[in-house]
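Trainee: In the UniProt record's numbering, the protein residues as written are 1 to 512. The C-beta atom is built at its ideal place from N, Cα and C for all residues, glycine as well. The structure follows.
Shown next as structure tokens:
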């Protein structure tokens with residue numbers, strides 16, 4: 001028994017020794033101003049990222065959730081490295097390794113190592129250091145070195161050379177939002193085109209327009225859908241124009257805009273390289289102190305995002321209203337039936353895609369308020385709340401460029417008209433009476449409208465009963481192209497109506 005116990009004890013000790021040895025081999029020691037910390041040996045991040053992972057466990061959404069945001073870091077760091085090399089501060093050997101590392105990230109590699117939560121204190125310092133550490137360790141491997149051998153390439157001294165989080169972070173956000181905006185604009189244009197296509201398809205379908213929920217004047221269903229498309233076109237135009245506020249960047253400002261630690265000429269060179277790398281007309285702000293302390297660019301761009309949200313939300317609500325029913329609502333159009341609409345009411349189908357878009361739009365409007373509050377509360381030469389601005393704007397962008405194609409393909413492209421319903425409303429409504437003003441006069445049309453409501457008759461029905469217009473005149477009047485044009489009924493109809501009126505006057509005169 002003693003031999004067996006000794007053997008078992010020996011094995012446990014051996015396992016313990018081997019385990020400790022394996023543990024030692026699976027970590028590396030890094031240190032910062034707070035002391036040493038064990039980092040997984042295979043991790044591309046370093047000590048400051050590790051601390052952020054412990055401190056900012058908030059949303060569970062890491063930087064890598066937005067691939068273009070990660071690419072933006074690599075683009076900014078690449079531009080900075082080339083600028084530092086241009087001014088003679090970064091060696092060619094280090095530049096070559098950093099360029100390879102940055103390009104790999106731009107190409108979509110290593111993104112899973114950008115781990116810091118989007119919500120973070122420190123005005124984005126942790127996100128910047130995450131990028132510095134990951135890119136440094138990628139570069140080290142490309143030089144044939146081991147991760148953590150910072151004597152060859154150092155996250156602060158080399159990747160953050162002549163920089164501060166206070167110029168890197170906002171510039172990276174500008175680039176990321178520009179990359180995202182390309183996707184948003186592309187999808188918005190496709191959505192607009194879908195509405196315009198429906199506008200062409202419905203161009204000859206007469207319907208009644210409504211103002212304040214009440215019958216107004218005739219229009220075509222095509223005009224209504226073209227109007228939806230044109231509203232989105234205007235929102236796209238605003239998005240494109242407000243990009244100009246994101247083209248301005250503050251690289252070289254460093255801590256507060258004075259450029260401390262940056263070399264002469266670096267800022268200008270960095271702007272030049274960043275423009276080439278991104279393909280966007282990036283340029284240096286004329287006042288780096290102002291650019292570092294203010295977030296006007298984010299406010300302006302977020303405003304354009306809110307405008308898109310308000311526009312699409314109104315359109316979505318209009319579609320819900322137009323499709324309401326099917327028996328007790330407007331029911332002028334059919335939305336595609338995508339899924340059962342109730343767990344209790346058989347046969348019910350809900351307008352789920354316009355509802356989804358409304359939810360996205362409501363969130364985007366709320367995000368704009370977040371940007372407003374965060375932007376106004378930053379103190380003096382730096383706004384510490386930039387991370388929540390990043391979260392708000394990029395979330396809105398992500399929701400839009402993922403939601404709009406669903407809205408287009410699952411809803412707009414499948415909309416069909418209810419022609420019988422459209423005709424019924426046209427025949428029964430008093431709204432047509434406005435179009436008769438130039439023909440019969442305001443007083444007469446007012447009498448007709450009142451009589452139609454009192455007798456529950458349609459205007460055209462009364463006109464025929466009273467022989468106010470001939471069938472030919474009514475047909476001419478109800479021509480969609482003429483009825484919905486800016487000039488109203490044609491001159492021919494007015495002349496014919498005048499002749500009818502004159503004939504009646506002559507008959508009355510002779511009878512007297």
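Between residue 288 and residue 252, how many whole angstroms is the CB-CB distance? I'm expecting something under 8 Å.
Mentor: The beta-carbon separation of residue 288 and residue 252, rounded to 7 Å, stays under the 8 Å limit for a contact.
Trainee: With distances taken Cα to Cα, identify the nearest neighbour of residue 338 among 331, 126, 282 and 355.
Mentor: 355
Trainee: Cα-Cα, which of 120, 303 and 90 is closest to residue 364?
Mentor: 303
Trainee: Should residue 345 be labelled buried (16 or more other beta-carbon atoms within 10 Å of its own) or exposed?
Mentor: exposed
Trainee: What are the start and end residues of the alpha helix (DSSP H) that includes residue 112?
Mentor: Note, residue 112: premise wrong, no alpha helix (DSSP H); not H, not E.
Trainee: Considering only C-alpha positions, which residue in the set 220, 63 and 195 is nearest to residue 478?
Mentor: 220
Trainee: Look at residue 139 and residue 98 and say whether their C-beta atoms are less than 8 Å apart.
Mentor: yes
Trainee: Just how far apart, CA to CA, sit residue 309 and residue 66?
Mentor: Going by the C-alpha atoms only, they are around 21 Å apart.
Trainee: Considering only residues of the same chain and omitting the five flanking positions on each side of residue 295, which have a CB-CB separation below 6 Å?
Mentor: The answer, listed in chain order, is 375 and 383.
Trainee: For residue 179, which option in 443, 281 and 428 has the closest C-alpha, if you only look at C-alpha atoms?
Mentor: 281
Trainee: I need the DSSP call for residue 350, collapsed to helix, strand or coil.
Mentor: coil
Trainee: Taking the alpha helix (DSSP H) that residue 477 falls in, what are its first and last residues?
Mentor: 471-477
Trainee: Is residue 95 closer than 8 Å to residue 81 when the C-beta atoms are compared?
Mentor: yes
Trainee: Just reading off the beta strand (DSSP E) that residue 384 is part of, what are its end residues?
Mentor: Counting along the chain, residue 384 falls outside any beta strand (DSSP E), and DSSP gives it neither H nor E.
Trainee: Name the residue from 247, 122 and 134 whose alpha carbon lies nearest to the alpha carbon of residue 44.
Mentor: When only C-alpha atoms are compared, the closest one is 134.
Trainee: Count the other CB atoms, across all protein chains shown, that sit within 10 Å of the CB of residue 137; report buried if there are 16 or more and exposed otherwise.
Mentor: buried
Trainee: Just checking my contact of residue 203 with residue 229 at CB under 8 Å: how many whole Å lie between their CB atoms?
Mentor: Actually they do not touch by this definition, with Cβ atoms about 13 Å apart.
Trainee: Relative to the C-alpha of residue 215, which residue among 459, 467, 475 and 463 is closest?
Mentor: Answer by Cα proximity: 459.
Trainee: For residue 334, which residues from the same chain have a beta carbon less than 6 Å from its beta carbon, with the 5 sequence-adjacent residues on both sides left out?
Mentor: 416
Trainee: For the pair the stretch 429-436 and the stretch 243-257, tell me if three or more CB-CB distances fall below 8 Å.
Mentor: The stretch 429-436 is not in contact with the stretch 243-257.
Trainee: Residue ranges of each alpha helix (DSSP H) run of no fewer than 4 residues wholly in the stretch 150-233, ordered along the chain?
Mentor: 165-201
Trainee: Contact defined as beta carbons within less than 8 Å: I believe residue 250 pairs with residue 313. What is the distance between those atoms, to the nearest angstrom?
Mentor: Not quite, the Cβ-Cβ distance comes to about 34 Å (not below 8 Å), so this is no contact.
Trainee: Could you have a look at residue 318 and say whether DSSP puts it in helix, strand or coil?
Mentor: helix
Trainee: Check the C-beta distance from residue 132 over to residue 160 and give it rounded, since I have them as a contact under 8 Å.
Mentor: 5 Å
Trainee: CA-CA distance, residue 143 and residue 293?
Mentor: 38 Å
Trainee: Rank 367, 147 and 61 by C-alpha distance to the C-alpha of residue 299 and give the top, closest one.
Mentor: The option with the nearest alpha carbon to residue 299 is 367.
Trainee: Could you say which of 239, 332 and 392 lies nearest to residue 209 if we only look at CA atoms?
Mentor: 332
Trainee: With three or more beta-carbon pairs closer than 8 Å as the criterion, would you say the stretch 108-126 touches the stretch 46-58?
Mentor: yes
Trainee: Is residue 195 closer than 8 Å to residue 330 when the C-beta atoms are compared?
Mentor: no
Trainee: Pick helix, strand or coil for residue 241, following the three-state DSSP scheme.
Mentor: In the structure shown, residue 241 sits in a helix (DSSP, three-state: H, G or I).
Trainee: Going by C-alpha to C-alpha distance, which of 61, 377, 41 and 125 sits closest to residue 73?
Mentor: 125
Trainee: Please report the straight-line C-alpha distance between residue 350 and residue 420, rounded to a whole angstrom.
Mentor: 22 Å
Trainee: Nearest to residue 146 by alpha carbon, out of 422, 290 and 28?
Mentor: Nearest option by C-alpha distance: 28.
Trainee: Straight-line CA distance for residue 26 to residue 40?
Mentor: 6 Å
Trainee: Under the three-state reduction of DSSP, which class applies to residue 30: helix, strand or coil?
Mentor: strand
Trainee: Tell me the DSSP secondary structure of residue 40 in three-state form.
Mentor: strand
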